[in-house]
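For the sequence shown, the UniProt record's numbering begins at 1 and goes up steadily by one.
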Amino acid sequence: MASWRCLGLARGVGASILFREAAALGGLKWKRTGMATATAAGAPRVTSCLHSAASSARREARPAATRVMTKESGGGAVTTTEYEAVIGIETHVQLGTTTKAFCSCPSQYGSEPNANVCPVCMGLPGALPVLNEVVVESGVKLGLALQADIALKSKFDRKQYFYPDLPKGYQISQFDIPIAEKGFIDVDLPVEFGGGHRRFGVTRVHMEEDAGKLIHAGNDRLSGSSSSQVDLNRAGVPLLEVVSEPEMRTGLEAAEYAAELQRMVRYLGISNGNMQEGSMRCDVNISIRPMGREQFGTKVEIKNMNSFSAMQKAIEFEIDRQIALLEEGDKIKQETRLWEEGSQRTISMRSKEGLADYRYFPEPDLPEVILSQEYIDTTRANLPELPDAKRRRYESLGLSMQDTLVLANDVDVAAFFDEVLAKGADVKQAANWIMGDMAAHLKNIKMTITEAKLTPASLAELISLIKDGTISGKIAKEILPELIEKGGSAKEAVESKGLSQISDTATIESMVDKILADNMKQVEAYRGGKTKLQGFFVGQAMKASGGRVNPGLLNKILMAKLNG
């Protein structure tokens, strides 16, 4: 009987070896195994077994570029098929406009159901759409940020489909002439995954309107629910759909691509990008194919991922599921599947529609969108510094890649950091305070950096007080929480509490003399060779001064008197 051994190839990952027996499937035996191998160049490479679809959902998603399936026959012949995943993402970015895309209804999250509706977004006969110019401006900004070609002339189309949350029976979108095409996103992978730089192509950016929202009673989806209600508040809310090239190969790459796009729209100020609120929704298309084959496999779409972690897990699960189907002789169906966070797996939702099913045709109620080159150039000139450029700048200041990734990840944190530097603070000290004690306290009190009362000027002042010896780092940490929660000047806080560092030589000498006189037994022990007692004397001085004594000057005077 032939036995099957399933191997997954992990490149650039740690060298841990995994082994686990899986249940026999009919006449085939599935074994989880792993072995260290070497590439032709002699570099170590780690192989670990491809998980079954069930076990895959329970593991950390590995940044593996390929999977290997090895068949061993009774005669000793070995047949190997190496697979790669092909991943593309369609991202819907909900714009933070005041009003909807084609009417004057408020575009507001969290309102009472059906409070923000009118004849236009409800699809009533005779109601005509009027384009919100901010939607066009946002589309141009994002297209330019993606280094895409901006269309001087684009148009809207009707995307036909029937669903209860789409009252018109069609969605106003863009089909053959989008607002932007042929862009890219540059991504810096996390240091813990080996770092590195990737560039992923963006096929297009197009403008469209959102649909309403269905609320299913008794279940979180249509299947198994007792009834459904429609909230049309979201109908007509403006979206930008960003379609990537199918150039990602792992769940990690896909999640980092989406995270960089989220940072980009936040830096541009066109969307808050909150996945939990649905302001940014990613539909992931996944297929697999043998390595070296140009033809794509059957595409499966994955929905319902409300975090980057969920996206990474869903993709890795789906890759394993599809390979398992092929190796069992089954076919992969073109369908839409949902990610279930609770069970950590994808489930079938519906068969996937093709383009022909949507019956696109030009929107007759809206004119073409015509832009001048001057408008595009002016918009480009007014773009803010984007995440990738900010990371490069931070690196040029001498910060590590890890520090730049943390600081540039959040637009508000980056803005705060830049303002602290503008006030003259040391780069590394400013980074350490923001990423360290300040971030920790903000997390403890559940406050964001924009809600903190501490100003960049006050933090720069605090760093300056440490640098010139007015206070110690210990004192600075003690007053930081109050500055974060109540605000005010760091210098005034130090003066009002009498926390200025004691740096007067005569005062410190007097303090040390008294401590040594009160602890002669320890002094004799120190001079007898127990030099670790130095810490005891330092502790006594800190206790006597309330932690205010200058530690550098204290140690200098203390050592002189102990060794004198």
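Note that beta-carbon positions come from the ideal geometry of N, C-alpha and C, so glycine has one too.
- If you look at residue 463, you'll find it in the alpha helix (DSSP H) that goes 456-467.
- Look at residue 246 here: in three-state DSSP terms it is coil, with no helix or strand label.
- Between the stretch 203-217 and the stretch 390-404, the count of C-beta pairs closer than 8 Å stays below three; the two stretches do not touch.
- Residues 461 and 465 of the same chain have their beta carbon placed closer than 7 Å to that of residue 491, with the five preceding and five following residues left out of the count.
- When the Cα atoms are used, residue 295 and residue 126 turn out to be separated by approximately 47 Å.
- Of all C-beta pairs linking the stretch 275-284 to the stretch 302-320, three or more are shorter than 8 Å, placing the two stretches in contact.
- Residue 141 holds the alpha-carbon nearest to the alpha-carbon of residue 375 among 424, 496 and 141.
- In this structure, residue 144 places its C-beta atom within 8 Å of the C-beta atom of residue 380.
- Taking the CA atoms as reference points, residue 561 sits about 16 Å from residue 539.
- For secondary structure counted as the alpha helix (DSSP H) over 4 or more consecutive residues, the stretch 130-177 holds these complete runs in sequence order: 133-145.
- Residue pairing from DSSP leaves residue 193 without any beta-bridge partner.
- When secondary structure is reduced to three states using DSSP, residue 404 falls in the helix class.
- Contact between residue 447 and residue 480 is absent: CB atoms are separated by about 13 Å, not below the 8 Å threshold.
- Rounded to the nearest angstrom, the gap between the Cα atoms of residue 543 and residue 550 is 13 Å.
- A contact is defined here as three or more CB-CB pairs under 8 Å, and the stretch 182-190 meets this definition with respect to the stretch 254-269.
- By the neighbour-count criterion, in which 16 or more other beta carbons inside 10 Å mark a residue as buried, residue 212 falls on the buried side.
- Residue 318 sits buried, since 16 or more C-beta atoms from the chains shown fall within 10 Å of its C-beta.
- Taking 8 Å as the cut-off, the Cβ atoms of residue 251 and residue 334 do not count as close.
- Residue environment: residue 264 is assigned as buried (16 or more neighbouring CB atoms within 10 Å of its CB, all protein chains considered).
- In the three-state reduction of the DSSP assignment, residue 520 falls in the helix class.
- Distances from the CA of residue 110 to each of 180, 278 and 91 were compared; the closest alpha carbon is that of 278.
- Around the CB of residue 117, 16 or more other CB atoms lie within 10 Å, so the residue is classed as buried.
- Around the Cβ of residue 233, a 10 Å sphere holds 16 or more other Cβ atoms; the residue is buried.
- In the three-state reduction of the DSSP assignment, residue 114 falls in the coil class.
- In the structure shown, residue 101 adopts coil according to DSSP, grouped into three states.
- According to the DSSP assignment, residue 290 belongs to the beta strand (DSSP E) that extends over 280-290.
- Beta-carbon to beta-carbon, residue 420 and residue 408 are separated by about 15 Å, too far to satisfy the 8 Å threshold.
- At least 8 Å separates the beta-carbon of residue 338 from that of residue 332.
- The alpha-carbon of residue 476 is positioned some 27 Å away from that of residue 532.
- Within 10 angstroms of the beta-carbon of residue 270 lie 16 or more other beta-carbons, which makes it buried.
- Assignment of residue 214 by DSSP, reduced to helix, strand and coil, places it in the strand class.
- Per DSSP, reduced to three states, the secondary structure at residue 500 is coil, with no helix or strand assignment.
- Taken through DSSP and simplified to helix, strand or coil, residue 531 comes out as helix.
- One thing to note: residue 135 has its Cβ within 8 Å of the Cβ of residue 97.
- Taking the Cα positions, residue 457 is about 24 Å away from residue 548.
- Shown here, residue 251 sits in a helix according to DSSP, grouped into three states.
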